[in-house]
Amino acid sequence: MKRIAFAGTDGRTVLCALVTGTATSEHHSDAFEGIVVRGTPAMPEFSRRLQWPVVFVSTRSNTAKEYAEALIDAMNRSEIDAVVPMPETLLFDGIVDMLDAAGLSDRVMGLSRDGAFIEGDKIRCKYLCRKAGIPVAPQWRDVDAKDYPEVLATCLSYIHAHGGAVLKYPYSAGGKGARILLNTWDIRDVYDTLMRDYRDDYRRMFGKKGTWPLLIEARMSGVEISFTIFVDKAGHYRILPTAMDYPERFAGPASKDNPITGGVGAISPHPMETPELMGMAGERIADPLIRAMKAEGILRPCVIYPGCFVSLDASGRPTDIRVCEINIRLGEPEAQPIARRLRNLGALVQGALEGTLDRIEPEVREDQVALCIALVTGPGGPDGQRGYPWSCTKGEVLDMDFTYFKRKGIQVIPSAMTYSPEERVFKSDGTRVAYLNANATVRPGEDRVQVVERLRNKLLAAVDNKKIRVIPREDPTGNRLDLRRDLGTHYATAAKIFQT
Ligand code: GLY
């Protein structure tokens, strides 16, 4: 099992394929080849110019059925040995079941439709956690979203007891279905907005008269940390390094004007990662979850990605952990800095599929910090677009100084980007256009905070000096790309709080 494919269209897909094909394990001599199934039109051209050893397999469209057909075909021709589907929608839409029906079940990492509710139905997942004894919010209820008096009473009681409530549309919502309520004044507005956003989906699924399930959780606080866990078919598991995700579009707390996005950057390790925390995540979350998955008959080689709130003591040691949601895929962009700190991604995928993860430890570049910055479409454009994550202008030409990036050791990962072979130019396709990645080594005696600050400044300088830009239609000297400048500064904040 040496030709490992990653199926999807975003940055993590091509980056994981690249890491699989290039990182060298210190313990395994096996060579792996990384393959991208589908990708975006910019990716093969990037690979060609940068001589990335990544192979591309196309699909006719973006549906799970077409992905499955391309995979079955490539597997039957021995061009692909194993596949990791990246976006959750492929799993919800049954890609694993389709490969299973073709006799290729042991070649695909991920949960089948039966198991995908863990991410795709947050209410069922809560009941699973309750049964399994996995710690979650101190109180939660599932109510009928149409029953406003019930929603109101629940929110008021959680605001009183826990300082807030979270309303969650429980089905697939691309990370946008959770709405936080911190005070009574916001209840009606937040409720109305959620109903406006999901009324059509509810109607489609349950009709006008049926119950519209809505999850309401008591607010939790603490440090948010997610854990990427590879699980094998026997239930052995390995927790990969952590990363801190930056979901808010701008610095500061989430609000109406600072929305939660798909993620605008990530840094690995999370500044609060400790061996005790990894142990706690294993004992309190992975162990009971995998036992429950076995009992439910849904255990398969897969990725689980629980998002948690962690409580700490005054020396930064974890005292408690609670799950806020469980995803069943790699995070974007968190998977990028995580993969860049791994030497044996290919062996870990192989181990998950073969049931040998008990013998394969993640080989982590423990002395390195990896930073990933998303370059998103900024405001402006022919229709006065607001920019990511709102409306985005597309089709504008990218200007990139590949020589500079090579010299500086910065990796540019294309995402929402196309390539025009006639004009020989890359073009923006809106949203998160590209990612900048770089690692830095923290040498013995060096201050980790300063190393991260240098790394951050290096990536910011590349953008400030216009080494990568999307040329705005209205301003040939400008740059449509935008980014968050505070990514990574939480290392300094953590050091100040805990005076390390
Ligand atoms: N960055 C958040 C996610 O992938 O779920």
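Residues in the sequence shown are numbered from 0 upward in steps of one, following numbering that gives the first Met the number 0.
Positions of the beta carbon are idealized from the N, C-alpha and C atoms, including for glycine.
| message | My output table needs one value for Lys-208: the three-state DSSP class, helix, strand or coil. | response | coil
| task | Identify every run of the beta strand (DSSP E) within the segment 332-399, keeping only runs that are complete inside it and at least 3 residues long; order them along the chain. | result | 367-376 and 397-399
| Residue range of the unbroken alpha helix (DSSP H) whose run includes Lys-175 | Here Lys-175 belongs to no alpha helix (DSSP H), and DSSP marks it neither H nor E.
| query | Using a Cβ-Cβ cut-off of 6 Å (strictly less than) and excluding sequence neighbours within five positions of Pro-43, which residues of its own chain qualify? | reply | Phe-55
| field | Per-residue burial, Phe-226 [other beta carbons within 10 Å of its own, 16 or more giving buried] | value | buried
| Of the choices Gly-221, Leu-341, Pro-381 and Asn-456, whose alpha-carbon is the least far from that of Pro-240? | Leu-341
| For Tyr-304: DSSP bridge partner residues | Asn-326
| Span separating the alpha-carbon of Ala-101 from that of Lys-121 | 30 Å
| task | Between the Cα of Pro-471 and those of Met-271, Arg-248, Asp-382 and Ile-327, spot the shortest distance and give me the residue it belongs to. | result | Asp-382
| Segment limits, beta strand (DSSP E) that includes Glu-32 | 32-37
| Neighbourhood of Cys-128 by C-beta distance below 7 Å, restricted to the same chain and skipping five residues each side | Val-135 and Val-322
| What is the rounded straight-line gap between the Cα of Gly-281 and the Cα of Gly-221? | 19 Å
| task | Kindly examine ligand 1 and report whether one of its heavy atoms sits closer than 8 Å to the Cβ of Ala-115. | result | no
| task | Can you give me the Cβ contacts of Leu-193 inside the same chain, cut-off strictly under 6 Å, excluding the 5 residues immediately before and after it? | result | Leu-166 and Arg-178
| query | Three-state secondary structure (DSSP) at Tyr-147? | reply | helix
| field | Leu-110 vs Ile-297 beta-carbon contact at 9 Å | value | yes
| Hey, quick one: how far does the alpha helix (DSSP H) through Ala-280 stretch, first residue to last? | 274-280
| request: Report yes if the CB atom of Pro-246 is closer than 9 Å to the CB atom of Gly-262, and no otherwise. | output: yes
| field | CA-to-CA distance, Ala-491 to Pro-443, given in whole angstroms | value | 18 Å
| query | What's the gap between the Cα of Thr-273 and the Cα of Pro-475? | reply | 47 Å
| task | Give me the Cα-Cα distance between Ile-94 and Trp-139, rounded to the nearest whole angstrom. | result | 32 Å
| message | Closest to Pro-336 by C-alpha separation, out of Ser-156, Val-18 and Leu-397, would be which residue? | response | Val-18
| said: By the three-class DSSP mapping on this structure, what secondary structure does Ser-440 have? | reply: According to the sequence displayed, residue 440 carries Thr and not Ser. Note: Thr-440 maps to strand in three-state DSSP.
| So, Ala-22 versus Leu-344, is the Cβ gap smaller than 9 Å? | yes
| Which residues DSSP lists as bridging Met-243, in chain order | Ile-266
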